[in-house]
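Numbering (the working numbering), first residue to last: 365 to 464.
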């Protein structure tokens with residue numbers, strides 16, 4: 365299986381209303397977190413590979429979201445039921461998936 369395909373397979377498994385992190389995907393695949401980010405940035409199928417559900421390890425949206433910017437990503441997550449605190453942080457203990 366190709367590197368990016370490993371990333372896409374895991375991201376596709378993240379259910380609606382949950383998020384995962386670049387680091388969690390990295391640990392599960394053995395792929396550097398930056399390469400995970402590159403894979404998501406190159407994603408040609410955001411409907412089946414919901415890359416908007418991947419955030420950083422601090423529970424924040426990264427500034428480089430490729431499909432409309434961080435505001436769009438936040439809106440998409442909120443529409444799925446993911447909640448952000450006043451500082452824009454997601455509680456990974458509540459909304460995290462594949463979090464180690």
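A virtual CB, placed ideally from N, CA and C, is assigned to each residue, including glycine. Treat the numbers as computed from the prediction; the structure is a model and nothing was measured.
{"Item": "Any non-hydrogen atom of the ligand ZN within 7 angstroms of residue 396 CB", "Value": "Looking at this structure, you won't find the ligand ZN or any other ligand, since it has none at all."}
{"Item": "CA-to-CA distance, residue 447 to residue 423, given in whole angstroms", "Value": "11 angstroms"}
{"Item": "Exposed unless 16 or more other CB atoms sit within 10 angstroms - verdict on residue 414", "Value": "buried"}
{"Item": "Residue 454 versus 431, 428, 432, 417, residue with shortest Cα-Cα distance", "Value": "417"}
{"Item": "Counterpart residues of residue 384 in DSSP-defined beta bridges", "Value": "418"}
{"Item": "Identity of the residue in 409, 459, 393 nearest residue 359 by Cα", "Value": "In this structure the chain extends from 365 to 464, so residue 359 is not present and cannot be described."}
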